[in-house]
Structure formats: structure tokens, C-alpha cells
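In my numbering, the protein residues as written are 4 to 116. By construction, the Cβ of each residue, glycine as well, lies at the ideal position given by its N, Cα and C atoms.
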Amino acid sequence: MPSCYACFECVDFLNFLFSQSINVKRFRVDIQHLSLEGVEGSEDYQHIVGLGKHLCGSASDLALRCLCQHPGMQVVGVVLALCCHHRCVWDSYCGLEVLQPSISGAVTIVGSF
């Protein structure tokens, strides 16, 4: 088995995972509404890997929150393809408690980079 699959297209990668008898569940959902606790069979797994593509704006933060919500599941890997940074929303940012004290009220939001 090759050690790197970075050059595979997403569909090829998913087909590879299925062929290796790895349990893969694909969700096409607004990430803000996804709770892994409600996924059928999720109680059978202790280790999970999150894969996400086209995580527009704040969806990357929402995906990280979704993965970390349930203490019974250990996240052993995360691969996220980000986009649309200009659509980020302050309220969904995961690091508020870390960032807020250090900026002491002065917030500059860059709309696009």
C-alpha cells in the first residue's frame, strides 16, 4: 500500500477507502446542523477521521466543532479543504476565548486575502 494518496482525486480516494473495508460515511449537509452523535452506528466507533471539501467561510470552524463535540469519539485525523475566507463570521470562530483577550477590543477584519 503506498504511503501517500495526496495525488488522488477525492472520488478516487473515497473508492480506495471503500475497497479497503474502511467504514466511510458521506454527509451532504449544512455543517452547522450536523451532530455526529445522531449518526446511526456512531456509537460503534471510538476513532474518527474528518474529511471535508469546500468548507466555505466559517464552515471550517463549524466542522472542527462538530468533530470535537462528543467526548466518546477520538479524532485521529482531519483533512479540510478551505475556501471563501471572505465569508468567515466572527460568531462561528473556534478560537474566540483565546483571541479575544489578546486583542483587547481592537478587531480588524480583513474581507479578502
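Assuming residue i contacts residue j under a Cβ cut-off of 8 Å, what Cβ separation, rounded to an integer in Å, is found between them?
| i | j | result |
| --- | --- | --- |
| Val92 | Ser63 | That pair is no contact at about 11 Å. |
| His73 | Glu40 | 5 Å |
Quick one: Cα of residue i to Cα of residue j, how far?
| i | j | result |
| --- | --- | --- |
| Leu70 | Gln23 | 23 Å |
| Phe11 | Ser95 | Legend: pLDDT at Phe11 = 44, less than 50; position of this residue unreliable, value from coordinates given subsequently. For Phe11 and Ser95, the distance between alpha carbons rounds to 31 Å. |
| Phe19 | Arg90 | 33 Å |
| Tyr48 | Val27 | 12 Å |
CB-CB under 7 Å to residue i, same chain, minus the five flanking residues each way: which ones, in chain order?
| i | result |
| --- | --- |
| Ala66 | Ile34, Gly53, Gly55, Leu58, Leu83 |
| Leu37 | Phe30, Cys69 |
| Leu85 | Leu58, Ser63 |
Near residue i, which residues of its chain fall below 6 Å by C-beta distance, leaving aside the five closest residues on each side in sequence?
| i | result |
| --- | --- |
| Met76 | Ile51 |
| Gly80 | Val52 |
In three-state DSSP terms, what is residue i?
| i | result |
| --- | --- |
| Leu20 | helix |
| Cys69 | helix |
| Ile34 | helix |
Short of 8 Å in beta carbon distance, which residues of its chain neighbour residue i, apart from the five on each side in sequence? Order them along the chain.
| i | result |
| --- | --- |
| Phe21 | Val27 |
Check: Which ranges would you report for the alpha helix (DSSP H) in the stretch 43-95 if only whole runs of at least 4 residues count?
Finding: 62-71
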